[in-house]
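Novice: Counting from 1, position 142 in the sequence shown corresponds to residue 142 in the UniProt record's numbering; the numbering is continuous, with no gaps.
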Amino acid sequence: QRIKEGSLMDQTKTVCVGDHIETINGKNVSDCRHYEVAKMLKELEKGQMFKLQLIEPMKAFEKLGPRSKGGTLPEAKISKGRETLRLRTKGPATVEEMPTEVEEKAIKKVDELLETYMGIRDIELAATIVEAGRDKKNPDEFAVALDETLGDFAFPDEFVFDVWGAIGDAKQGRL
Numbered sequence: 001q002r003i004k005e006g007s008l009m010d011q012t013k014t015v016c017v018g019d020h021i022e023t024i025n026g027k028n029v030s031d032c033r034h035y036e037v038a039k040m041l042k043e044l045e046k047g048q049m050f051k052l053q054l055i056e057p058m059k060a061f062e063k064l065g066p067r068s069k070g071g072t073l074p075e076a077k078i079s080k081g082r083e084t085l086r087l088r089t090k091g092p093a094t095v096e097e098m099p100t101e102v103e104e105k106a107i108k109k110v111d112e113l114l115e116t117y118m119g120i121r122d123i124e125l126a127a128t129i130v131e132a133g134r135d136k137k138n139p140d141e142f143a144v145a146l147d148e149t150l151g152d153f154a155f156p157d158e159f160v161f162d163v164w165g166a167i168g169d170a171k172q173g174r175l
């Protein structure tokens, strides 16, 4: 998760925080969990030579530049500064509008409600729930939008009303 100060990795300066290890000695570990990769590294004998293939996320974007004037996005859309590039494991990357400060507060509260009602914390699910209620004027519209977006979850009515209340509280500045 992080490189500890004074550790071997910290001393080498070749692996930086945020780097993704793609292979260890030619074995692909990109689909492995963090703890599995850490275990593989710990199992290497001291003094044994090994080869890491790394992906440096920030350097992966060096070759990207702004679109030329012939791009399809209007300049006003690009200059807003409130968009984020969302890279997905399945499907194409999309540009999404970043949540406002009010929505951020609502997302945090909904995440807490998810833990209370369902025993999970999932900030992306919370963001999707808040997004579903973005332009809704009443709890009925919100419940319908939530069913259309996340119907598989079958959220209980009490949860839906508490979420609606949290969104309203955030809009009114009570969170």
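All residues carry an ideal CB built from backbone N, CA and C; glycine is no exception.
From the DSSP output, in three-state form, read off Thr14 for me.
Specialist: To locate residue 14, count along the sequence shown from 1; it is residue 14. Thr14: coil per DSSP, three-state reduction.
Novice: Please classify Leu44: does DSSP put it in a helix, a strand, or coil?
Specialist: Locating residue 44 in the sequence shown gives position 44, counting from the first residue. Here Leu44 sits in coil by DSSP.
Novice: Using the three-state DSSP reduction, which class does Leu175 fall into: helix, strand or coil?
Specialist: To locate residue 175, count along the sequence shown from 1; it is residue 175. Residue state, collapsed to three classes: coil.
Novice: Where does Val95 fall in DSSP's three states?
Specialist: As a position in the sequence shown, residue 95 is number 95, starting the count at 1. DSSP places Val95 in strand when its eight states are reduced to three.
Novice: What does a CB cutoff of less than 7 Å around Lys77 pick up in its chain, not counting 5 residues either side in sequence?
Specialist: For the purposes of this step, residue 77 is identified with residue 77 of the sequence shown, where counting begins at 1. Confidence in Lys77 is poor, its pLDDT being 46 and thus under 50, which makes the residue's placement unreliable; the coordinate value appears in the next sentence. Same-chain partners within the cutoff: there are none.
Novice: On the three-pair Cβ rule with 8 Å, is the region 134-149 touching the region 111-120?
Specialist: no
Novice: Beta-carbon within less than 7 Å of Phe159's beta-carbon, same chain only, minus the 5 sequence neighbours each way: which residues are those?
Specialist: Your numbering for residue 159 matches position 159 in the sequence shown. Within the same chain, Phe159 has close Cβ partners Leu113 and Tyr117.
Novice: Would you tell me roughly how many angstroms separate the C-alpha atoms of Ser7 and Thr14, rounded to the nearest one?
Specialist: Translated into the one-based positions of the sequence shown, residue 7 becomes position 7. Translated into the one-based positions of the sequence shown, residue 14 becomes position 14. Going by the C-alpha atoms only, they are around 13 Å apart.
Novice: Terminal residues of the continuous alpha helix (DSSP H) containing Ile123?
Specialist: For this step, residue 123 is matched to residue 123 along the sequence shown. For Ile123, the uninterrupted alpha helix (DSSP H) run begins and ends at Ile123 to Ala132, by DSSP.
Novice: Can you look up Ile167 in the DSSP assignment and give me helix, strand or coil?
Specialist: As a first step, residue 167 is located in the sequence shown; it is residue number 167 there, counting from the start. In the three-state reduction of the DSSP assignment, Ile167 falls in the helix class, which pools H, G and I.
Novice: Given Ile167, which residues of its chain have a CB within under 7 Å of its CB, disregarding the five upstream and five downstream residues?
Specialist: The residue you call residue 167 lines up with position 167 of the sequence shown. Cβ neighbours of Ile167 beyond the five flanking positions: Ala106, Val130 and Gly133.
Novice: Going by DSSP, name the residue or residues bridged to residue 177.
Specialist: Residue coverage of the chain in this structure runs from 1 to 175, which leaves residue 177 outside it and unanswerable.
Novice: Could you check what DSSP says for Glu112 in three-state terms: helix, strand or coil?
Specialist: As a first step, residue 112 must be located in the sequence shown, where it is residue number 112. Here Glu112 sits in helix by DSSP.
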